[in-house]
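Protein chains in written order, with the numbering used here: chain Y, 1 to 197; chain C, 1001 to 1240.
Glycine included, each C-beta is placed from N, C-alpha and C at the ideal position.
Data first, discussion second: the structure below is written as structure tokens.
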């Protein structure tokens, strides 16, 4: 361990923070390009790929599915974490059960061309949602609205903004950041920030 | 190959020099064992440890040219910051902290790219764009390049003297106070300003605060730029 001269603690330790993270009360925005704006009457969400039944939901159809309201901590790879965030959305379990996956991986695809890959087990078991509300209001475009994937137990780049499709894969296929050197799984408690961590 | 240093390995960086950029920002030149250069636009992760074992980790963009043997970070001191106040106000030559990287493969520019280069920075968002301008200069690249820099006042311009000879067209707009006798832009970046200054159809890099990047990127698209040509990086947090 190397101690840095003159550097002192300015914040209390918090065991809800994964290693290398600090607590942030704002909601920072990170994205690779301009924010897309797809009108809701042209928006849909599809579940395709290695599934027994391909699915497509319009905005109204998605909103008619049972609502869940997770309260979760979120962790960005750029080292901020935000605690006790409140969301509303649809469980990914509900979508995948209806599609009956035949592969072990999911590639989330988004407006603007963004993609991210996840093992199926990370988006099932009540741990992932298609979220369309944040803190009681419709999800703002810069935060991924109208709807984003929410997978709070992984670094937040996995919670793909502007999600439009879940593609089930038999083999893992890297998404946007993963192709550029970020970790395939991204568990913040294991500090899996980059490939090789 | 077992001795090769990987980007993900933590190394000890030693402060070789510190230069003040503005009253609130400093450039740290670092000695990093095994540093093999970077791609313009990339960042490093740094980790500081206090005597009681407390650690804080942040990401900082690299300001220096890709081939520089010693990477340079320019850090702005942020209110309520934890690492940036140390970097700007406490650090001195010979101090050490941990560093790993370089990282990032999207908000990067390589000198063999042939399309016009438009760089748009808000305040300290200039840092990774300066690495791009230095890369272009050092490589002798002849692609047209323009920097649009939005700052509050003259004191806020990083690298002011070097920008005069960087070999790219530099357009500055002052949003709060312009220099005496200033005849250029003196307002926030808006649609008309972008229409007059942006190079369209090449590659555009936008870096700054979240509201700045959001506004600029939206306006570029509204003015007809292909979103696929626009790469953004935001200082998402006020607490760095």
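Item	Value
In DSSP terms, what residue 156/Y is bridged to	Answer is none; residue 156/Y lacks a bridge partner.
Inside the region 1135-1179 of chain C only - beta strand (DSSP E) runs reaching at least 3 residues	1145-1151 and 1169-1174
Residue from 97/Y, 46/Y and 74/Y with nearest C-alpha to residue 107/Y	46/Y
Euclidean distance between Cα positions of residue 1313/C and residue 1128/C	Because chain C is modelled from 1001 through 1240, residue 1313/C falls outside the range shown and cannot be assessed.
Any alpha helix (DSSP H) of 4 or more consecutive residues that is wholly inside the region 89-161 of chain Y	92-99
Cβ of residue 1012/C within 8 Å of any chain Y Cβ	yes
Through-space distance from residue 1179/C to residue 182/Y, alpha-carbon basis	43 Å
Pairwise C-alpha distance: residue 1005/C and residue 1034/C	7 Å
Expected contact under 8 Å - CB spacing of residue 1131/C and residue 1062/C to nearest Å	6 Å
Closer than 8 Å to chain Y by CB, residue 1199/C	no
Closer than 8 Å to chain C by CB, residue 114/Y	no
Buried/exposed call for residue 1076/C, threshold 16 Cβ in 10 Å	buried
Pair within 8 Å by beta-carbon distance, residue 77/Y and residue 130/Y	no
Beta-carbon proximity of residue 1232/C to residue 1217/C, cut-off 8 Å	yes
Assigned exposure category for residue 178/Y - 16 Cβ within 10 Å defines buried	buried
Near-chain C residues of the region 155-188 of chain Y - C-beta to any C-beta below 7 Å	180 and 181
Contacting residues, own chain, Cβ-Cβ under 8 Å from residue 170/Y (five flanking each side not counted)	50, 102, 103, 104 and 105
Residue 41/Y versus 6/Y, 57/Y and 89/Y, residue with shortest Cα-Cα distance	57/Y
Same chain, Cβ closer than 6 Å to residue 1038/C, five either side skipped, listed in chain order	1062, 1066 and 1102
Closest Cα partner of residue 127/Y within the set 190/Y, 7/Y and 69/Y	69/Y
Three-state class that DSSP yields for residue 1001/C in the structure shown	With a pLDDT of 42 at residue 1001/C, under the threshold of 50, the modelled position of this residue cannot be trusted; read the value that follows with caution. In the structure shown, residue 1001/C sits in coil (DSSP, three-state: anything other than H, G, I, E or B).
Touching by the beta-carbon criterion (3+ pairs, under 8 Å), the region 1090-1100 of chain C and the region 1009-1018 of chain C	yes
DSSP three-state assignment for residue 42/Y, whether helix, strand or coil	helix
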